[in-house]
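To start, the structure itself, in structure tokens.
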Amino acid sequence: MENKMDDNVLRLLKKMSLMVSVREDQIFAENDLTAAQSDVLKILLDQEGKKEIFSGDIHRELGISKAAVSMLLKKLRQKGYIDLQSTTGDDRMKQILLTPRARQVKEELDKKMDLFQKYLYQGFSGSEYEQLGQLVSRMLANLKSDEEAAGQEQKIKEEVIL
Numbered sequence: 634m635e636n637k638m639d640d641n642v643l644r645l646l647k648k649m650s651l652m653v654s655v656r657e658d659q660i661f662a663e664n665d666l667t668a669a670q671s672d673v674l675k676i677l678l679d680q681e682g683k684k685e686i687f688s689g690d691i692h693r694e695l696g697i698s699k700a701a702v703s704m705l706l707k708k709l710r711q712k713g714y715i716d717l718q719s720t721t722g723d724d725r726m727k728q729i730l731l732t733p734r735a736r737q738v739k740e741e742l743d744k745k746m747d748l749f750q751k752y753l754y755q756g757f758s759g760s761e762y763e764q765l766g767q768l769v770s771r772m773l774a775n776l777k778s779d780e781e782a783a784g785q786e787q788k789i790k791e792e793v794i795l
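Just add 633 to wherever you are in the sequence shown, counting from 1, and you've got the working numbering.
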């Protein structure tokens, strides 16, 4: 594949990512949420009642740093969307619990996101939408395998040093 084309696609992906974040910030502002906070809240709402959720689950699901997850959870707690509860056996592990406020806005957040996605994908055929999902999933898999390889390489370097 030609480098100029690669640069163009990457630039478009970055631009789209920024525009989606800005638009989501606008959409969720009346709920006093940012795009990132709404992503975390959506995961929590989707998982409620299925299993206990901890910050590590959010870290793995979103692929963001543990420090970023901690900051997002702190903000959601300050805004009254979540509470944190120590678990038995390990005071460092805090289970994330939704508050009534979070449950009250679930339907509204879902509707807003559905409308935004319909707007974003307007003009796409079903097969185009499906193909886009497959292509983006493949790109993410490439990045994850590259991250894993880099992690293994770092472990080997550390073992050699020790």
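Built from N, CA and C at the ideal position, the CB exists for glycine as well. All figures in this text were calculated on a predicted structure; none of them were measured in a lab.
Item, Value
"Nearest residue (CA-CA) to L666, options S719, K712, Q680", "K712"
"The region 668-687 contacting the region 729-739, beta-carbon criterion three pairs below 8 Å", "yes"
"Beta strand (DSSP E) runs contained entirely in the region 691-740, provided each spans 3 or more residues", "715-720, 723-731"
"Under the three-state DSSP convention, the category S758 falls into", "coil"
"For I686, the three-state DSSP class (helix, strand or coil)", "coil"
"Coil, strand or helix - L666 by DSSP", "coil"
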